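To start, the structure itself, in structure tokens.
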Amino acid sequence: MIPGPFRYRRVRSVDEAVALLSQLGTDAKVLSGGQSLIPMMKFRLAEPSYLIDINPIPGLDFIEERDGMLRLGALVRESTLERSSLVRQRYPILHDTAEVIADPLVRNLATVGGNLAHGDPANDHPATMLALRAQVVARGPNGERVIPIDDFFVDTFVTALQPDELLTEIRIPAPPPRSGGAYLKFERKVGDYAIAAAAVFLALDEARRITQAGIGLTNLAYKPLRAVDAERALLGQQPSEELFRHAAELAAQATDPVSDLRGPADYKRAVARTMTLRALRRALERAQANA
Amino acid sequence: METLPIQVTVNSRTYTAEVEPRLLLVHFLRDVLNLTGTHIGCDTTSCGACTVLWNGRPVKSCTVFAVQVDGGEILTVEGLERDGQLHPVQEGFWEEHGLQCGFCTPGMMMTAVALLNENPDPTEEEIRKAISGNLCRCTGYVNIVKAIQYAARKLREGATVHVGGA
Amino acid sequence: MTATAVRGIGVPVKRKEDPRFIRGKGTYVDDIKLPGMLFMDIVRSPYAHARIKRIDVSKALAMPGVIDVITGEELAKANLAWMPTLMGDRQMVLPTDRVVYYAQEVAAVIATDRYTAADAVLAVEVEYEPLPPVLNPFEALKPDAPLVRPDREQKSNHIWHWEAGDKEKTDRVFQEAEVVVAQDLYIPRIHVASIETCGCVANYDPATDKLTIWMTSQAPHAHRTVFSLVTGIPEHKIRIISPDIGGGFGGKVPVYPGYVIATYATLKHKKPIKWIEDRSENLQADSFARDYHIHAELAATRDGKIRGLRVHVVADHGAFDAAANPSRFPAGLFSVCTGSYDMEAAHIQVDGVYTTKPPGGVAYRCSFRVTEAVHTIERMVDILADELGMDPAEIRFKNFIQPHQFPYKSPTGWEYDSGNYPAALQKALDMIGYQELRREQAERRARGELMGIGISTFTEIVGAGPSHTFDILGIKMFDSAEIRVHPTGAVIVRIGVQTQGQGHETTFAQIVAEELGIPVEYITVEHGDTDTAPYGLGTYASRSTPTAGAATAVAARKIREKARLIAAHLLEVSPDDLEWKDYAFRVKGAPDRYKTMQEIAFAAYTNFPLGLEPGLEAECYYDPPNLTFPFGAYVCVVDIDRGTGQVKIREFLAVDDCGTIINPMIVEGQIHGGLTMGMAPALFEEIVYDENGTMLTGTFMDYLLPTAVETPHWKTAKTVTPSPHHPLGAKGVGESPTIGAPPAIVNAVVDALSHLGVRHIDIPITPAKVYRILQEKGVAE
């Protein structure tokens, strides 16, 4: 399998990338980790005239906590995220997510930015970012804008990014005390997309009432999904197995999966419920450990 | 057709070439440099037969364009042996019968080399996870795990080998 | 010479082939590069069934670097649009008017490099008129079904009907039987998916008028004969070289259209042509395995004695009957499906059917449909046990062919050479702690947990085969070895079989080392080059050790007999005064007077007795007197996740008996690999088509090869029951585990659910399938 011909442009700054994107428009594709794009090009499902390689841009691979936010540069590799002690200790849900994306070799190139910008509902980070209420920072010819994650995913393979915009950073609110998150993915084998996966983030107050609840779901609708009703059902309540089962049921009801080789839609919905329930339990454990 | 100049260090030797942007790294290694130890087993970044180290990290060279590695360092299976001395991972695969048809072996070994660079004493579970981007159809993985454990022991015992980049 | 120095049979000799592989210095077909080489790429059909209205190659031909586009019409002029299959059918090389499966070869582009060839494939314009696909073999058999093969005289999709056993006696047993159980089993279409795809470099050299083809071939000699018959080129003008092969498993037995087109192209252009499949092409168009729709019935007494087996199979063969079976066995060795159990009667019927799917019916690491056979009987025995409320181990002990019954004549006519089934099963049960596991299962069940224990006690049938029964296109299924001992005692062995990872270069050297007392490092084994290796039928169906391994032993023994004469001459005694002991010819009663094979070899060229031919060489074409019957007892323990339906193999123990073991390290490695290829179709792999006949599993994203994470840490053990008729007592092993593992896994999963009334689940046992059952039974979480 051989990709179609294209022109290759290497950029060394975000401005240079944005300038090129503005000039080339939809003819150009951004090459980040390339682990989804290049296979699509081999099958000629993507035939961009230009590839703009942003990998040489220095300083886009930061992982830092600043001003109450975890900031991830768009070029942070999944394997870096997976190995980050900051992430492991403070954002275990992100660690959970990174370590189940594709396979370890793919993760050495695949980037967090690419995982979101691809707009693939089967990708894993979108659900986690939805659960965490992340923000996506994009730079365009008119400067930078911050896109709330809820506005970011528009359709299958379509995001709020404009053709002349580059995703530069992801911001995640720092976890409050008594909070915890977890991502649980059920896949047929390593390297597969999820049959269903759930990202859950919970924060409790001193009275052990749920003050924040975030639930994101992977590969269960035409775009990454937030289980709003389930979140609402959790808020203000004290965690219990009964409550979690109810929330998991609501999360499953929010899904709209398609039947495919991974299983029929009703099965995926059932697994969504199981994953949500188990992620809720794990998130609670972590929140309690984080008191 | 656009071509671009690249300079790449492969197994400690520096090469310059003019390549079409779409030339995949694996074809650059195999067809341009004649380093045919790196194999191709799929179209979907699934099998890992083409695994090489790029600046020390194992990547699937079928999913990297040669132009991307301009200025970088690549290590392939051909670069593992130094001064007639097999790398402990190579030795482990031979000692523990970690290969049968040999087709996935170079990629599998490159992943193993990178793993042991990072984690000199991996558990069986860690090894299995680390090689889960490399498919083997012959061995059932049991002896591959043993081969990597053999190499880990050998490396911990202080075998003098270069590891990683070049 | 000591055993330590010789390192012959039974020693875990490190493999001789590995030094090149671990250095990346193997030579696989895509590594071969010749000056002026052109690249071929193939245009494939987007339809499962369609009429070709027009092929326009002009745009492709106009592209820089494109040399040629070859179509079926052009091949037809050379009488090469069709080729014969091994099963007496014929198969399109390139179509002239219609396509009969998705991804079928439609045209071939020849270009200066592989990138240009890939671009040009997209520029070939083909106009199709879609025809209704025929995907279900039962539908295909209906009188109004669209005809897959209008080129045949017989205007139906039925290919053949085949039977084995005694119908009348079997029917009688069933009429009388106290208990009858019946079950439909589907063993789905799967693909060998060796990590190396198929391909070739074909090179016609006008200067020598010789055609050389480097080819991913498990049977280079047979392929040369086929090529000669197809092209009319005399056999000595064709040289087929199987270089290092990146896994075969049966998928490299057939002759694929790509090989033939590349050969045509080199003859036409007089330049080397390279053709290497993509993975998608490999999965979509190369030969499949299995695809058996089985209806099986078992008759028994109420106390669990099996009396008879009745089986009817509808076999989906795709668009051409291009199965890789011995010619007289359209359903392979499926009739061995009475398995390890003594019964009065059996009757087996198989109907082959055409559908608009790729042709095939290859092994997938299996000896001609024995996987299907073993799956059938091992499932049916468990179903019978369930019906009678018996333990699956108990019912097996009750019905095993007993050690004293060997050689055992099976109701379908096979003569099992040797076995000790109770011993193997007892060993497996003891090692795994069967009773303790049953106790644990009861406890877990009480807590609502799902745990299952599955047993499979299979009998393999390998080593095809005796010339009275086995041939391929008339060529008897012997195999061969040729041994030359050089003056310094170094040896070259050439064999008619072809390794694809099995380690022939090591094990065959060990056979010669053992027989001649020459250290294994002085022995080189060559194979795969039809110009140099003796004629053989190739490696598949676990036949290498039973056939060529025997040939090697016999050839070595011929050398030893000649060596005796030379030793007698050197020691100045009569040949009868010598005995072969401790790897040397020793004077009887004076063992310190001896000659080693190295000394004898030197004399064979320098100081041989008058009247004796100089040199020390021998060959053997070995016609095995019977097949060999390896066996084993496997136990699998699984846990099922009630929230997802996931089956987890907690433990798997394989006790194998392959007779005499030549290299225990290699045998163990073969078993690990075979178990993994047994687990794969049991839990993961299946070729799936949509309603249009488009394959949905054409990449490794959807055709799921297990990784190291899904694969358990296999545990192995052995018993040794030598084959009485093989010169070394060896039986062959590479495929036993692929055959034995699937029913052990299925039996374990069904066992986990049996208390809920579950009796059978078809493979692959996907989480979705299990979850649906859990829901139906009200135990899903």
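Protein chains in written order, with the working numbering: chain A, 2 to 292; chain B, 69 to 234; chain C, 230 to 1010.
Each residue gets a CB set at the ideal place from its N, CA and C atoms; glycine is no exception.
Nothing here was measured: the structure is a model prediction, and the numbers come from that model.
- Message: I need the straight-line Cα distance from residue 600 of chain C to residue 541 of chain C, nearest angstrom please.
- Response: Translated into the one-based positions of the third sequence, residue 600 of chain C becomes position 371. Translated into the one-based positions of the third sequence, residue 541 of chain C becomes position 312. Looking at the two C-alpha atoms, the distance is approximately 16 Å.
- Under 7 Å Cβ to Cβ from residue 783 of chain C, same chain only, skipping five residues before and after it: list those, please. Taking the third sequence and counting its residues from 1, one reaches residue 783 of chain C at position 554. 849, 851 and 956.
- Message: Report the CB separation of residue 213 of chain A from residue 204 of chain A in whole angstroms; it is logged as a contact under 8 Å.
- Response: The residue given as residue 213 of chain A occupies position 212 in the first sequence. The residue given as residue 204 of chain A occupies position 203 in the first sequence. Yes, residue 213 of chain A and residue 204 of chain A are in contact; Cβ-Cβ is about 4 Å, under 8 Å.
- Item | Alpha-carbon to alpha-carbon, residue 715 of chain C and residue 810 of chain C | Within the third sequence, numbered from 1, the residue matching residue 810 of chain C stands at position 581. Within the third sequence, numbered from 1, the residue matching residue 715 of chain C stands at position 486. Each residue's Cα considered, the two are about 22 Å apart.
- Would you call the segment 944-961 of chain C and the segment 650-659 of chain C touching, i.e. three or more CB-CB distances under 8 Å? Counting Cβ pairs under 8 Å, three or more are found: they touch.
- Item | Any C-beta of chain C under 9 Å from that of residue 272 of chain A | For the purposes of this step, residue 272 of chain A is taken as residue 271 along the first sequence, with counting starting at 1. Chain C contact via Cβ: present.
- So with Cβ pairs under 9 Å, would you call residue 151 of chain B a contact of chain A? As a working note, residue 151 of chain B is residue 83 in the second sequence. Not closer than 9 Å to any Cβ of chain A, the Cβ of residue 151 of chain B fails to qualify, so no.
- Query: Using a beta-carbon distance cut-off of less than 9 Å, what residues from the segment 196-207 of chain B approach chain C?
  - Reply: 196, 197, 198, 199, 200, 201, 202, 203, 204, 205, 206 and 207
- Return the residue from the list C:896, C:257, C:1004 and C:815 that minimises the CA-CA distance to residue 166 of chain B. Reading the second sequence from its first residue, position 98 is the one you call residue 166 of chain B. Ranking the options by Cα distance to residue 166 of chain B, first place goes to C:896.
- Task: Locate the alpha helix (DSSP H) running through residue 220 of chain C, then write down its first and last residues.
- Result: The first residue shown for chain C is 230 and the last is 1010, placing residue 220 of chain C beyond what the model contains.
- Consider the Cβ of residue 232 of chain B: report whether some Cβ of chain A lies at a distance smaller than 9 Å. The residue you call residue 232 of chain B lines up with position 164 of the second sequence. Any reading at residue 232 of chain B must be qualified, since the residue scores a pLDDT of 47, below 50, and its modelled position is unreliable; the value itself is stated next. Output row for residue 232 of chain B: interface = no.
- Proximal residues to residue 639 of chain C (C-beta, below 6 Å), its chain only, five neighbours per side dropped: Residue mapping note: residue 639 of chain C aligns to position 410 of the third sequence, counting from 1. Excluding positions up to five away in sequence, the list reads 567.
- Message: For the segment 492-522 of chain C, list every residue whose C-beta sits within 7 Å of some C-beta in chain B, in sequence order.
- Response: 507, 508 and 509
- Message: Strictly under 9 Å for the Cβ-Cβ distance: is residue 96 of chain B near chain A by that measure?
- Response: As a first step, residue 96 of chain B is located in the second sequence; it is residue number 28 there, counting from the start. For residue 96 of chain B, no Cβ of chain A is located within less than 9 Å of the residue's own Cβ.
- Query: Between the C-alpha atoms of residue 82 of chain B and residue 254 of chain C, what's the straight-line distance to the nearest angstrom?
  - Reply: Within the second sequence, the letter at position 14 stands for residue 82 of chain B. Within the third sequence, the letter at position 25 stands for residue 254 of chain C. Computed Cα separation, rounded: 21 Å.
- Apply the 10 Å Cβ neighbour rule to residue 1032 of chain C and answer buried if 16 or more other Cβ atoms are within range, or exposed otherwise. The question about residue 1032 of chain C has no answer here: the residues shown for chain C are numbered 230 through 1010.
- Just tell me which of C:842, C:588, C:630 and C:329 has its CA closest to the CA of residue 570 of chain C. Position 341 of the third sequence, counted from the start, is the residue given in the question as residue 570 of chain C. Cα-wise, what sits closest to residue 570 of chain C is C:630.
- Query: Which residues, taken in chain order from the segment 181-205 of chain A, show a beta carbon closer than 8 Å to some beta carbon of chain C?
  - Reply: 187, 189, 190, 191, 192, 193 and 196
- Cα-Cα separation, residue 304 of chain C to residue 426 of chain C: Sequence index remark: in the third sequence, residue 304 of chain C carries index 75 (1-based). Sequence index remark: in the third sequence, residue 426 of chain C carries index 197 (1-based). Answer to the nearest angstrom: the Cα atoms are 25 Å apart.
- Task: Return yes when the Cβ of residue 519 of chain C is within less than 9 Å of the Cβ of residue 418 of chain C, no when it is not.
- Result: The residue given as residue 418 of chain C occupies position 189 in the third sequence. The residue given as residue 519 of chain C occupies position 290 in the third sequence. For residue 418 of chain C and residue 519 of chain C, yes; Cβs fall inside 9 Å.
- Item | Identity of the residue in C:252, C:914 and C:371 nearest residue 151 of chain B by Cα | Translated into positions along the second sequence, residue 151 of chain B becomes position 83. Cα-wise, what sits closest to residue 151 of chain B is C:252.
- Message: Can you confirm whether residue 162 of chain B, when its beta carbon is compared against all beta carbons of chain C, has any partner nearer than 9 Å?
- Response: Walking along the second sequence from the start, residue 162 of chain B turns up at place 94. So yes, residue 162 of chain B belongs to the interface.
- Query: Looking at chain A, which residues of the segment 905-919 of chain C have a Cβ within less than 7 Å of any of its Cβ atoms?
  - Reply: 913 and 917
- Query: Given a threshold of 16 other Cβ atoms within 10 Å of its Cβ, counted over all protein chains shown, does residue 835 of chain C qualify as buried or as exposed?
  - Reply: Indexing the third sequence from 1 puts residue 835 of chain C at position 606. Counting Cβ neighbours within 10 Å, residue 835 of chain C comes out exposed, since fewer than 16 surround it.
- Query: Do you know how far the Cα of residue 847 of chain C is from the Cα of residue 698 of chain C?
  - Reply: Residue 698 of chain C sits at position 469 when you count from the first residue of the third sequence. Residue 847 of chain C sits at position 618 when you count from the first residue of the third sequence. Residue 698 of chain C and residue 847 of chain C: Cα-Cα distance of roughly 27 Å.
- Message: For a cutoff of 9 Å on Cβ pairs, would you count residue 924 of chain C as touching chain B?
- Response: In the third sequence, counting from the first residue as 1, residue 924 of chain C sits at position 695. By this cut-off, residue 924 of chain C is not an interface position.
- Task: Using a Cβ cut-off of 9 Å, pull out every chain C residue sitting near residue 187 of chain B, in sequence order please.
- Result: For this step, residue 187 of chain B is matched to residue 119 along the second sequence. None at all; the shortest Cβ gap to chain C is about 15 Å.
- Task: For residue 974 of chain C, name the three-state secondary structure that DSSP assigns.
- Result: Here the question's residue 974 of chain C lines up with position 745 in the third sequence. If DSSP states are grouped into helix, strand and coil, residue 974 of chain C belongs with the helices.
- From the DSSP output, in three-state form, read off residue 288 of chain C for me. Stepping through the third sequence from its first residue, residue 288 of chain C is reached at position 59. Note: residue 288 of chain C maps to helix in three-state DSSP.
- Message: What does the Cβ neighbour count give for residue 671 of chain C, buried or exposed, with the cut at 16 atoms within 10 Å?
- Response: Translated into the one-based positions of the third sequence, residue 671 of chain C becomes position 442. By the 10 Å Cβ count, residue 671 of chain C comes out exposed.
- Query: First and last residue of the alpha helix (DSSP H) that includes residue 650 of chain C?
  - Reply: In the third sequence, the residue the question calls residue 650 of chain C occupies position 421. Here the alpha helix (DSSP H) through residue 650 of chain C covers 650-661.
- What first and last residue would you give for the beta strand (DSSP E) that runs through residue 180 of chain A? In the first sequence, counting from the first residue as 1, residue 180 of chain A sits at position 179. Taken as a continuous stretch (DSSP letters only), the beta strand (DSSP E) holding residue 180 of chain A covers 180-188.
- Item | Contact set for residue 234 of chain B: own chain, Cβ-Cβ below 8 Å, skip 5 residues either direction | The count along the second sequence starts at 1 and reaches residue 234 of chain B at position 166. Note that residue 234 of chain B scores a pLDDT of 38, beneath 50, so its modelled location is shaky and nothing firm can be said.
- Message: Would you call the segment 103-116 of chain A in contact with the segment 73-88 of chain A, where contact means no fewer than 3 C-beta pairs closer than 8 Å?
- Response: yes
- Message: Our contact map puts residue 959 of chain C next to residue 952 of chain C with C-beta atoms below 8 Å; I'd like the distance itself, whole angstroms only.
- Response: The count along the third sequence starts at 1 and reaches residue 959 of chain C at position 730. The count along the third sequence starts at 1 and reaches residue 952 of chain C at position 723. Rounded, the Cβ-Cβ distance is 7 Å, consistent with contact.
- Message: DSSP has residue 444 of chain C in a bridge; who is on the other side?
- Response: Walking along the third sequence from the start, residue 444 of chain C turns up at place 215. BP columns for residue 444 of chain C point to C:429.
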